[in-house]
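Asker:
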Amino acid sequence: MRRLKRLLVGFFVLLGCFSIPGFALQDIAQEAEQAYQKGEQASTIAERKVAFNQALTLYTQLESQSESVYSTGKLYFNMGNTYYQLAEYSWAIVYYYRALQLMPTSQKVRYNLNMALSKVSASPAEEMSIFQDALFFHFYLSLPERLQWLSYLALLMIIFGSLYLWYGWWGYKYMIIVLAVVWGLLFASVLYSRYVEPINAIVVTPTALYRDAGVQYAKVIEKPILSGRKVQVIEVVDDGKWLKVLSTDGNVGYVPNTAVKII
Numbered sequence: 005m006r007r008l009k010r011l012l013v014g015f016f017v018l019l020g021c022f023s024i025p026g027f028a029l030q031d032i033a034q035e036a037e038q039a040y041q042k043g044e045q046a047s048t049i050a051e052r053k054v055a056f057n058q059a060l061t062l063y064t065q066l067e068s069q070s071e072s073v074y075s076t077g078k079l080y081f082n083m084g085n086t087y088y089q090l091a092e093y094s095w096a097i098v099y100y101y102r103a104l105q106l107m108p109t110s111q112k113v114r115y116n117l118n119m120a121l122s123k124v125s126a127s128p129a130e131e132m133s134i135f136q137d138a139l140f141f142h143f144y145l146s147l148p149e150r151l152q153w154l155s156y157l158a159l160l161m162i163i164f165g166s167l168y169l170w171y172g173w174w175g176y177k178y179m180i181i182v183l184a185v186v187w188g189l190l191f192a193s194v195l196y197s198r199y200v201e202p203i204n205a206i207v208v209t210p211t212a213l214y215r216d217a218g219v220q221y222a223k224v225i226e227k228p229i230l231s232g233r234k235v236q237v238i239e240v241v242d243d244g245k246w247l248k249v250l251s252t253d254g255n256v257g258y259v260p261n262t263a264v265k266i267i
């Protein structure tokens with residue numbers, strides 16, 4: 005009996021240890037939300053700036069403490085809103101894009117993203133094409149959601165496989181084949197996202213596009229790439245200090261890593 009009591013006490017102590025960090029993050033999130041609301045209700049520009057900066061500090065703290073980058077879609081959206089309120093539109097774009105990756109069907113995120121893009125005179129975010137609609141699971145489901153569905157489908161295949169072995173009905177075999185095809189498509193989608201899909205970044209500080217990794221090299225074009233523009237990262241060089249990128253107008257060159265933020 006005493007041993008059972010000790011086990012129960014140990015279990016609840018261990019459960020409490022895991023719960024404390026979660027409660028702490030919830031407190032920070034509530035404090036950040038209150039600071040954001042205070043900024044919206046501020047009567048002066050100075051009060052507004054102080055409140056939104058406080059909210060941003062707390063959201064940044066949450067971002068650094070979150071256990072999984074795949075569970076912070078709402079956090080990224082809130083950070084984008086806060087940067088937008090501070091008129092830091094290029095940084096708002098970064099976090100709206102990050103939120104959109106985790107919440108690809110959210111019209112609210114897409115609307116706010118396009119609002120931020122309009123502030124820097126950048127092109128609106130791409131809409132879904134007919135091809136993308138056909139492969140909706142890749143474009144409408146975030147990577148974490150696709151990973152979850154892989155688990156669900158695998159479990160269903162095991163269940164139907166067991167039923168087929170027990171009863172031998174052809175319908176179970178048919179379901180296994182259908183589920184296997186869907187699982188294979190989802191798995192290919194996950195592999196593409198992990199290893200093939202281009203890495204994009206947002207220019208947060210206007211920067212020149214250089215012919216090589218260094219400011220001593222000639223510029224590819226005279227005009228700088230403006231903040232808020234998306235570029236595709238081709239290669240990381242010089243211990244991460246420089247990135248080889250492809251701009252939206254087709255120019256390839258190098259930019260310092262301080263000028264861009266990977267989505």
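The opening position of the sequence shown corresponds to residue 5 in the working numbering, with each subsequent residue numbered one higher.
All C-beta atoms in this analysis are idealised placements derived from N, C-alpha and C, irrespective of residue type, glycine included.
Because the structure is a prediction, the values reported are computed rather than measured.
(1) Quick one: what does DSSP say Val1 is sitting in, helix, strand or coil?
(2) Enumerate in chain order the residues of its own chain whose CB-to-CB distance from Asn261 is below 7 Å, with the five nearest sequence positions on each side excluded.
(3) Which residues does DSSP list as the beta-bridge partners of Glu239?
(4) Given a threshold of 16 other Cβ atoms within 10 Å of its Cβ, counted over all protein chains shown, does Tyr156 qualify as buried or as exposed?
(5) With DSSP collapsed to three states, give me the class of Lys227.
(6) At what residues does the alpha helix (DSSP H) containing Ile163 begin and finish?
(7) Just to confirm, does Ser155 get its C-beta within under 6 Å of one of the non-hydrogen atoms of the ligand PLP?
(8) Looking only at its chain, what residues have a beta carbon closer than 6 Å to the beta carbon of Ser58, apart from the 5 residues adjacent to it on each side?
(9) How many Å lie between Asn255 and Ile225 at the Cα?
(10) Tell me, to the nearest whole angstrom, how far the beta carbon of Gly257 is from that of Tyr199; I am working on the premise that it is less than 8 Å.
(11) Tell me which residues share the same chain as Pro128 and place their Cβ nearer than 7 Å to its Cβ, disregarding the 5 neighbours each side in the sequence.
(12) Between Ala91 and Tyr63, is the Cβ-Cβ spacing less than 7 Å?
(13) Starting from Gly232, trace the beta strand (DSSP E) both ways and give me its first and last residue.
(14) Can you look up Ile267 in the DSSP assignment and give me helix, strand or coil?
(15) For Ala217 and Val259, what's the separation of their Cα atoms in angstroms?
(16) Considering Cα atoms alone, identify which of Trp153, Ile229, Ala28 is closest to Leu4.
(17) By Cβ distance below 7 Å, which residues in the same chain neighbour Tyr271 in space, the five residues on each side in sequence not counted?
(18) Quick one: what does DSSP say Val124 is sitting in, helix, strand or coil?
(19) Measuring only the C-alpha atoms, how far is Phe81 from Gln65?
(20) Can you tell me whether Thr211 is buried or exposed, with buried defined as 16 or more other CB within 10 angstroms of its CB?
(21) If you count every other CB in all the chains shown that lies within 10 Å of the CB of Trp170, and 16 or more means buried, which is it?
(22) Under 7 Å, do Leu189 and Tyr176 count as touching if we go by C-beta distance?
Answerer: From the atom records:
(1) There is simply no residue 1 to check, as the chain begins at 5 and stops at 267 in what is shown.
(2) Gly244, Lys245, Trp246, Leu247
(3) Lys248
(4) exposed
(5) coil
(6) 147 to 171
(7) The ligand PLP is not part of the structure shown, which contains no ligands of any sort.
(8) The question names Ser, yet the displayed sequence has Gln at residue 58. Once the five neighbours on either side are set aside, the close Cβ partners of Gln58 are Ala39.
(9) 8 Å
(10) Wrong, their Cβ atoms sit about 25 Å apart, outside the cutoff.
(11) Asn118, Leu121
(12) no
(13) Taken as a continuous stretch (DSSP letters only), Gly232 belongs to no beta strand (DSSP E), as it is neither H nor E.
(14) coil
(15) 7 Å
(16) Outside the shown range of the chain, which is 5 to 267, sits residue 4, and nothing can be said about it.
(17) Outside the shown range of the chain (5 to 267) lies residue 271, about which nothing can therefore be said.
(18) coil
(19) 15 Å
(20) buried
(21) exposed
(22) no
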